[in-house]
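S.K.: This is the structure I have questions about; it appears just below.
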Amino acid sequence: MSGGDIRIRLDGIPDSYILTDKCGFRDSELVDFCWAFRLYDVLGDGVIDASQVRLALSWLGEEPSDKAFLTVMNDIDSHGKGVMDFQRFVKLMAKFDRSMITEDELVNAFKIFDKDKSGTIDAIELQDVLCKLGFSVNPLQAEEMIQAADEDGSGECEYGEFVRKIIENQ
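Counting in UniProt numbering, the sequence shown runs from 1 upward without gaps.
Here it is, written out as structure tokens:
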């Protein structure tokens, strides 16, 4: 760790795993990465080798091709040591396009839009929230957005339609 780096400490990540850059990940994701890393850090020395990195990736749901894996490993382990500490593992994870929206986050987002707690979002609710978030949306634009997500033609977006649209656009 160089003199200018600030160490990040998070619950669920041992102090022995030095982390100075979150690489854009949320704390909960970093804790998941730590669990995977710790599973394969069998010596407890804070490093895992390339085969263990591959296993940790698999545990996290990433199954890169051999070529993609070698490309990412070479990007992160440019000196070819064949081992990786936790910070490098986090940097490696940043190379993968991960779906980062959880079901809880989708439920909370839906609740924000569903002002009248009807279980659906209509164009008026959508326009209201988007305007409060600083987006300039007129009623026609809000209606077009609802129609794009409204699979059953009800004029409102139900939770299932909302989730499918979000996942489709990740």
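In this text, a Cβ means the ideal position worked out from N, Cα and C, and glycines have one as well.
When the distance is taken between beta carbons, is A50 closer than 8 angstroms to G24?
M.R.: For G24 and A50, no; Cβs fall outside 8 angstroms.
S.K.: Could you round the C-beta distance between E161 and E151 to whole angstroms and report it? I think they count as a contact, below 8 angstroms.
M.R.: At roughly 5 angstroms, the Cβ-Cβ gap stays under 8 angstroms, so E161 and E151 are in contact.
S.K.: So, does the CB of A94 fall closer than 8 angstroms to a CB anywhere in chain B?
M.R.: Absence of chain B from the displayed structure is noted, only one protein chain being present.
S.K.: Could you tell me which residues DSSP puts in a beta bridge with D49?
M.R.: BP columns for D49 point to V83.
S.K.: Once the 5 residues before and after M93 are set aside, which same chain residues still bring their CB inside 6 angstroms of it?
M.R.: The answer, listed in chain order, is F33.
S.K.: For D122 and D114, what's the separation of their Cα atoms in angstroms?
M.R.: Roughly 8 angstroms separates the two Cα atoms.
S.K.: Can you check the segment 18–66 for any alpha helix (DSSP H) of at least 4 residues that lies completely inside it and give the ranges in chain order?
M.R.: Listed in chain order, they are 27–40, 50–59.
S.K.: Bridge partners for I6 per DSSP, in chain order?
M.R.: BP columns for I6 are empty, so no partner.
S.K.: When you compare only the Cα positions, how much space is there between F86 and S65?
M.R.: Those two C-alpha atoms are separated by around 22 angstroms.
S.K.: Do F96 and V53 have their C-beta atoms within less than 8 angstroms of each other?
M.R.: Contact: no.
S.K.: Quick check: what's the CA-CA separation for R7 versus V42?
M.R.: Spanning the two alpha carbons is a distance of roughly 24 angstroms.
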